[in-house]
Amino acid sequence: MGFAERKEIALRKFEEDLKEGKVDLKIVPTLRLINSLEHFYSLSSCSGRISLLRFSKDFKKRKGSVLYKWHEPVKAEEVMRKIGELLGKVENLMLCLEGAILHLSSNDLKLAIKLLNQARNIGFKKGGIISIREEEVILQLESTERLIIPVIVNSELIADEGLISKAVGLANLLLDRTHQKIERLNKILEEFR
Numbered sequence: 001m002g003f004a005e006r007k008e009i010a011l012r013k014f015e016e017d018l019k020e021g022k023v024d025l026k027i028v029p030t031l032r033l034i035n036s037l038e039h040f041y042s043l044s045s046c047s048g049r050i051s052l053l054r055f056s057k058d059f060k061k062r063k064g065s066v067l068y069k070w071h072e073p074v075k076a077e078e079v080m081r082k083i084g085e086l087l088g089k090v091e092n093l094m095l096c097l098e099g100a101i102l103h104l105s106s107n108d109l110k111l112a113i114k115l116l117n118q119a120r121n122i123g124f125k126k127g128g129i130i131s132i133r134e135e136e137v138i139l140q141l142e143s144t145e146r147l148i149i150p151v152i153v154n155s156e157l158i159a160d161e162g163l164i165s166k167a168v169g170l171a172n173l174l175l176d177r178t179h180q181k182i183e184r185l186n187k188i189l190e191e192f193r
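Numbering (our numbering), first residue to last: 1 to 193.
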């Protein structure tokens, strides 16, 4: 199967996932822009999120699960309410902020490298070519914003309301910063038309 066929399949899946509510709406304009480009199409992507994550006893994320997530700024009171609902039900819980991450496919290595370099210049520092196969490279563009704060450890609330409120404020600030990077990325992507 060639690049054009894989792109067609990916675009169909994107539209299906969008209808089913499985796509982060904040990043849809960026994904549509990527998908309109001749030599690129989007794969799994997220505009950044604030989340409450359940972790295993050894605090390995891969063994954890997202219990609540927000792709837009959230009020500290809402996060506190969700933590209160989870207290006594989960053993370990973290409040997290993860910056934007985009995965793209391209059939042109030179254009992929050009996009990667331009994205790095605007703050997508944690990225690279993560896969290469005949006629296709897979890029990852990842923003650097991160925040991870334990709030429940061994079924005990260890973060007070003041700390959680400040952490949510910081998470909102970082989420806004990652969203601004997406806007700058959109301007770069326009140049690839």
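We treat Cβ as the ideally placed atom computed from N, Cα and C, and that holds for glycine.
Given the structure is predicted, the values throughout are model-derived calculations rather than measurements.
Exercise. Return helix, strand or coil for lysine 115, following the three-state DSSP convention.
Key: Mapped onto the sequence shown, residue 115 falls at position 115. For clarity, residue 115 is leucine in the given sequence; the question names lysine instead. Secondary structure of leucine 115 (DSSP, three-state): helix.
Exercise. May I have a chain-ordered list of the alpha helix (DSSP H) segments no shorter than 4 residues that lie completely inside the segment 15 to 89?
Key: The segment 15 to 89 contains these whole alpha helix (DSSP H) runs: 28 to 36 and 76 to 86.
Quiz item: Along the chain, where does the alpha helix (DSSP H) that runs through arginine 184 open and close?
Solution: The sequence position of residue 184 within the sequence shown is 184, counting from 1. Element bounds for arginine 184: 161 to 190.
Practice problem: Give me the Cα-Cα distance between serine 44 and leucine 104, rounded to the nearest whole angstrom. | Solution: Position 44 of the sequence shown, counted from the first residue, corresponds to residue 44. Position 104 of the sequence shown, counted from the first residue, corresponds to residue 104. Between the C-alpha atoms of serine 44 and leucine 104 there is a straight-line separation of about 8 Å.
Quiz prompt | 8 Å Cβ cutoff met for glycine 123 and glutamine 140 | solution = Residue numbering aside, residue 123 sits at position 123 when the sequence shown is read from its first letter. Residue numbering aside, residue 140 sits at position 140 when the sequence shown is read from its first letter. No, they are not a contact pair.
Quiz item: Near isoleucine 101, which residues of its chain fall below 6 Å by C-beta distance, leaving aside the five closest residues on each side in sequence?
Solution: The residue you call residue 101 lines up with position 101 of the sequence shown. For isoleucine 101, same chain residues with a beta-carbon under 6 Å away, outside a window of 5 residues either side, are Cys46 and Glu142 in chain order.
Self-check item: Selection from Ser106, Lys89 and Leu147 that minimises the alpha carbon distance to lysine 10
Solution: Taking the sequence shown and counting its residues from 1, the one referred to as residue 10 is at position 10. The question names lysine, but residue 10 is alanine in the sequence shown. Nearest in C-alpha terms to alanine 10, of all of Ser106, Lys89 and Leu147, is Ser106.
Self-check item: Residue from Arg54, Trp70 and Glu15 with nearest C-alpha to leucine 195
Solution: This structure cannot settle anything about residue 195, because the visible part of the chain is limited to 1 through 193.
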